[in-house]
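Remarks on the structure that follows.
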Amino acid sequence: MMSDANTPIDYIEFTSPELEKTQAFFTEAFGWSYVDYGPDYKDIQGAGLGGGVERGPLRAPLPVLKADDLEAMLARVKAAGAEITQEIFEFPGGRRFQFREPGGTEMAVWTTVDDNG
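Going by full-length UniProt numbering, 20 is the number at position 20 of the sequence shown; the sequence numbering is gapless.
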């Protein structure tokens with residue numbers, strides 16, 4: 001079990017209005033493969049760090065950290081001065097929230113959800 005005292009970057013998320021072109025480029029240039037989560041999201045495989053590409057307007061890549069206790073981490077980033085840009089939400093296999101740190105970088109924190117319980 002990891003300690004939230006030193007929270008690692010677990011994932012990086014890219015956006016692209018032309019998802020298929022971005023996917024083809026990453027495959028040709030870097031050899032990455034994908035798990036398909038529908039027409040608007042591809043999970044990157046083989047990049048050395050977890051990642052994904054989401055269809056949408058261009059924005060800076062989104063670093064996603066992983067924490068065991070999502071609510072405690074939400075409280076920590078709020079106490080440290082972050083602006084919450086997306087409250088906790090669920091997605092297949094996990095939950096996450098997004099925030100903007102005081103210097104302006106948007107980031108996210110996620111945790112796994114046990115689908116069997």
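Ideal Cβ placement from N, Cα and C applies to all residues, glycine included. All of these numbers come straight from a predicted model, not from anything done at the bench.
Going by C-alpha positions, residue 67 is about 14 Å away from residue 99. Taking a contact as a CB-CB distance under 8 Å, the pair residue 14 and residue 61 counts as one, their CB atoms being some 5 Å apart. The segment 89-96 makes no contact with the segment 23-36; the number of CB pairs closer than 8 Å stays below 3. Under a 10 Å Cβ-count criterion, residue 51 is classified as buried, with 16 or more other Cβ atoms of the shown protein chains found around its own Cβ.
Counted as a single uninterrupted DSSP element, the beta strand (DSSP E) harbouring residue 109 occupies residues 106-112.
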